[in-house]
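Residue numbers (the numbering used here): 612 to 963. Below is one structure, written out as structure tokens, with a few remarks after it.
As structure tokens, this is what we get:
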């Protein structure tokens, strides 16, 4: 059968099947009553535990754990602190694990660590009108009945808190990295890493056990300190409604998108310590020939929910200051549990 005719027939069957479906009996208009709609009545302080993150970074691919905290000071500014690190060499600290298995240099591989702290000044913090979609749910939709149905949703008008912010902060990280790959990207070799006498690091060595000639595998440790400057936009909703025939609906999402420029005044790669297997003499070789890129940028999004106990999520994509040719990264992170509080423990008191 002709391929175009075959796919045309399949498309025709699908269209007929979809258009032949009758309207759902439960697809009727709903009425609702507002319980609250207060986008400014959100928690001031959040602290979250990140049981897992995943990062594809050209310098080193890692996965691990972390934590974050954020604080909102009125409608003026907010602050954020964050750290993460890999679980260990055997669990997705890729460069470190590869170094443990294959490195021919004496440098002890560093575990991946990342720290960040910063603040956002609210250039404009205002309330606007918007809409939100809420899933219509009944207690009778449990088990297989809920899993097998396509849920209906209702569009509800609500207030939206919008924030235009200016961001400033600092971050630092350290990691093991594959210097053979870094040298290759920059059209360099081991011989471009020289000792005090100007002699380059050997590119091969003779294995004393097998007598075979092998390439010298070089892994090193990199340390970076950066500052960032950027902007952000946030949308906060904090609305709950009561539907006439369904359970209550809630939208308390807090979403922020941001863009940052990054500059690293310091990127350091440790000198390479190499023990010659033939002479048993150790020497140090400078890594100054390896070029680094001090500039970078990132696009990101953070989301969380205005609850005493909830969860948050985030992602980033960009180029982080690092070794030239090895700066691209993409990050996904999840925090659970996420604890939130408004830090208001004062109660009124009256004399008898």
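Every residue, glycine too, gets a C-beta built ideally from N, C-alpha and C.
Coil, strand or helix - residue i by DSSP
i	result
residue 848	coil
residue 948	strand
residue 853	strand
residue 913	strand
residue 761	coil
residue 802	helix
residue 827	coil
residue 794	helix
residue 953	coil
residue 942	strand
residue 809	coil
residue 632	Because residue 632 sits at a pLDDT of 47, beneath the cut-off of 50, its placement in the model cannot be relied upon, and the following sentence gives the value as read from the coordinates. Looking at residue 632 - three-state DSSP - the assignment turns out to be coil, as it is neither helix nor strand.
DSSP bridge partner residues for residue i (one or two, in chain order)
i	result
residue 822	Answer by DSSP bridge pairing: none, since residue 822 is not bridged.
residue 778	731 and 841
residue 833	786 and 880
residue 739	771
residue 766	744
residue 964	Since the displayed the chain opens at 612 and closes at 963, residue 964 lies outside it and no answer follows.
residue 861	851
residue 886	893
Range covered by the alpha helix (DSSP H) that runs through residue i
i	result
residue 872	That residue, residue 872, is in no alpha helix (DSSP H); its beta strand (DSSP E) goes 864-880.
residue 817	Run containing residue 817: none in the alpha helix (DSSP H); it sits in the beta strand (DSSP E), 815-817.
beta-carbon residue i near the ligand FMN non-hydrogen atom, thresh 7 Å
i	result
residue 818	Of the ligands one can find in the structure shown there are none, so the ligand FMN has no counterpart to examine.
Run of the beta strand (DSSP E) containing residue i, from where it starts to where it stops
i	result
residue 661	656-668
residue 923	920-930
residue 893	893-896
Worksheet item: Three or more beta-carbon pairs under 8 Å between the region 834-842 and the region 868-883, yes or no?
Response: yes
Discussion item. Contact between the region 717-728 and the region 878-885 is defined here as three or more beta-carbon pairs at a separation below 8 Å; is this criterion met?
Written reply: yes
Worksheet item: Does the region 894-904 come close enough to the region 790-804 to have 3 or more Cβ pairs within less than 8 Å?
Response: yes
Item to complete: Could you name each continuous alpha helix (DSSP H) segment of 4 residues or more that falls completely within the region 640-725, going from the start of the chain to the end?
Response: 705-713
Worksheet item: Are three or more beta carbon pairs between the region 734-751 and the region 693-712 nearer than 8 Å?
Response: no
Discussion item. Any contact between the region 720-738 and the region 770-790? By contact I mean 3 or more CB pairs, one from each, below 8 Å.
Written reply: yes
Discussion item. Count Cβ pairs between the region 675-692 and the region 642-649 that sit closer than 8 Å; are there 3 or more?
Written reply: no
Discussion item. Does the structure place the region 930-946 close enough to the region 905-916 that three or more beta carbon pairs sit under 8 Å?
Written reply: yes
Worksheet item: Using 8 Å as the threshold, is the region 769-783 in touch with the region 726-740, meaning 3 or more CB pairs across them?
Response: yes
Item to complete: Kindly confirm or deny that the region 658-676 and the region 947-954 touch, where touching means at least three C-beta pairs closer than 8 Å.
Response: Counting Cβ pairs under 8 Å, three or more are found: they touch.
Worksheet item: Are the region 859-871 and the region 838-846 touching by the rule of at least three beta carbon pairs closer than 8 Å?
Response: yes
Practice prompt. Report yes or no: do three or more beta-carbon pairs, one from the region 912-929 and one from the region 848-866, lie closer than 8 Å?
Written response: yes
Discussion item. Check whether the region 777-784 and the region 722-736 are in contact - that is, three or more C-beta pairs closer than 8 Å.
Written reply: yes
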